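A quick write-up on the structure given underneath.
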Amino acid sequence: MGRRVVVMIGQPGAGKGTQARAIMQQLSIPQISTGDILRDAISRKTQLGMEAKAKMDAGDLVEDRIVNEIVAQRIERDDCAGGFILDGYPRTVQQAKVFQQTLGVDDQFFVIELAVDSGKLIDRLVRRCICRSCGEIYNLDSRVPQQQDVCDRCGGALMHRTDDRAETIAERLRTFEAETFPLIEFYRSYGVYHQVNGMRPIEQVTGEILAILESALTKRR
Ligand code: AMP
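So for the sequence shown, numbering that gives the first Met the number 0 puts the first residue at 0; every next one is plus one.
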């Protein structure tokens, strides 16, 4: 049997990271967030981090060449042998075409778009905080940590992302429209695309995604 490969697409704040992490726990396959990998490189002040920082702070995309390489290397690791969930990659049609070449004929490939009301995203993002240690995602309205500024899961310190500021968010939303929206048509033409309403409570959205993955697998059996 091939790998289970799930791509999550959605505007900033749609809940890609939250849902990818929930599915990871259910399916026991890793979540790969290119944003987390880049933020880690920035905090470690590596060459990659220095190249990416200006683009990320401006709300622009990092070069395709860089993220394609990050993902190609990451999915070679042993923990991806049974599959993986991509959170924030591909983000351009060029990335999708490069990634497509890494898929084998036996792989079960799913693309899930989390559809949300764009008017609500700025509020969601300015109220978001993440754990510095494990990357768990909180929201000060809908997923409040039990203790202020402390991660429920690992006890790490919570922080606001530097790109979760109103001006940068507006630019990230424009970038999504220009660069990532065309991906939806690209994947529709492959017949692997599913849209899920991301405005509902977290558990309901997770349940629908898992049902989509399960029903597609059942049809193939
Ligand atoms: P995210 O954590 O997915 O919201 O990503 C944060 C930032 O990292 C984005 O605004 C981009 O600057 C950069 N980034 C993450 N993934 C990609 C990607 N696949 N292609 C280009 N840039 C990316």
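Idealized CB from N, CA, C, for every residue including glycine. All values reported here derive from a predicted model rather than from experimental measurement.
Asked	Found
Just curious, the alpha helix (DSSP H) that Q147 is in, first and last residue?	Segment: none, Q147 is in no alpha helix (DSSP H) and carries neither H nor E.
Judging by CA-CA distance, which residue of Q145, D148, Q146 and R127 is the nearest neighbour of N138?	R127
One question on the structure: do L60 and K54 come within less than 8 Å of each other, judged by their Cβ atoms?	yes
Measuring straight from C-alpha to C-alpha, what distance separates P144 and V104?	42 Å
Do G87 and I28 have their C-beta atoms within less than 8 Å of each other?	no
Tell me whether the beta-carbon of V70 lies closer than 8 Å to the beta-carbon of F98.	yes
Mind checking whether R131 and A156 have CB atoms under 8 Å apart?	yes
How would you call R20, buried or exposed, if buried means at least 16 neighbouring beta carbons within 10 angstroms?	buried
From which residue to which residue does the alpha helix (DSSP H) around E184 run?	F180 to R187
Do L120 and G12 have their C-beta atoms closer together than 8 Å?	yes
Going by DSSP, what residue range makes up the alpha helix (DSSP H) through V92?	V92 to Q99
Is K96 near ligand 1 - that is, is its Cβ less than 7 Å away from at least one heavy atom of it?	no
Kindly examine ligand 1 and report whether one of its heavy atoms sits closer than 7 Å to the Cβ of M55.	yes
Start and end of the beta strand (DSSP E) containing I8?	R3 to G9
Run through the stretch 42-84 for me and flag every whole alpha helix (DSSP H) of 4 or more residues, listed as ranges in chain order.	46-57 and 63-73
On the CB-based measure, 16 or more other CB atoms within 10 Å of its CB, does F180 come out buried or exposed?	exposed
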